[in-house]
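Numbering (the working numbering), first residue to last: 9 to 126. First comes the structure, then the notes that go with it.
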């Protein structure tokens, strides 16, 4: 089993920045990918970004390219999401996820609330 714990959410004004963290514990050796998703009220959960531990390759949703950066610290088993130029419509619960494959996530964190005020 893998446990994921997110932190770093909060309230920020439009145009501001936040950095989310996700610490993984347990059977982390089985993980190849870690990613971030978000779910706004009344909407479906959507992909934000992911990183592959081996090689560090990253993938982003088009809506966040150029503003968000995902990074990881393999020693600490922690992944980060630096979010810049935040928009009010990006208010959501942000979830960390982890898996052995890119297309299906096996483990999820409890989520952290990000609120962007206008």
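Virtual Cβ for every residue (Gly too), placed ideally from N, Cα, C. Everything numeric in this text was worked out from a predicted model, so none of it was measured.
Exposed or buried, which one is residue i when buried takes at least 16 other CB atoms within 10 Å?
i: residue 52; result: exposed
i: residue 19; result: exposed
i: residue 100; result: buried
i: residue 83; result: exposed
Give me the DSSP bridge partner(s) of residue i.
i: residue 125; result: 21
i: residue 34; result: 10
Going by Cα to Cα distance, which pick from the options is closest to residue i?
i: residue 91; options: 58, 28, 32, 55; result: 28
i: residue 94; options: 87, 103, 77, 109; result: 77
i: residue 70; options: 54, 64, 48, 61; result: 54
i: residue 2; options: 57, 114, 99, 25; result: The first residue shown for the chain is 9 and the last is 126, placing residue 2 beyond what the model contains.
i: residue 111; options: 50, 86, 58; result: 58
Is any non-hydrogen atom of the ligand GTP found closer than 8 Å to the C-beta of residue i, if you look at the structure I gave you?
i: residue 75; result: In terms of ligand content, the structure shown is empty, and the ligand GTP therefore cannot be addressed.
Inset, instruction - Could you tell me which uninterrupted beta strand (DSSP E) segments, each at least 3 residues in length, are contained entirely in the region 40 to 108, listed from first to last along the chain? - result: Taking only runs of at least 3 residues, the beta strand (DSSP E) segments lying wholly in the region 40 to 108 are 41 to 47, 54 to 60, 66 to 68, 76 to 81, 86 to 91, 100 to 107.
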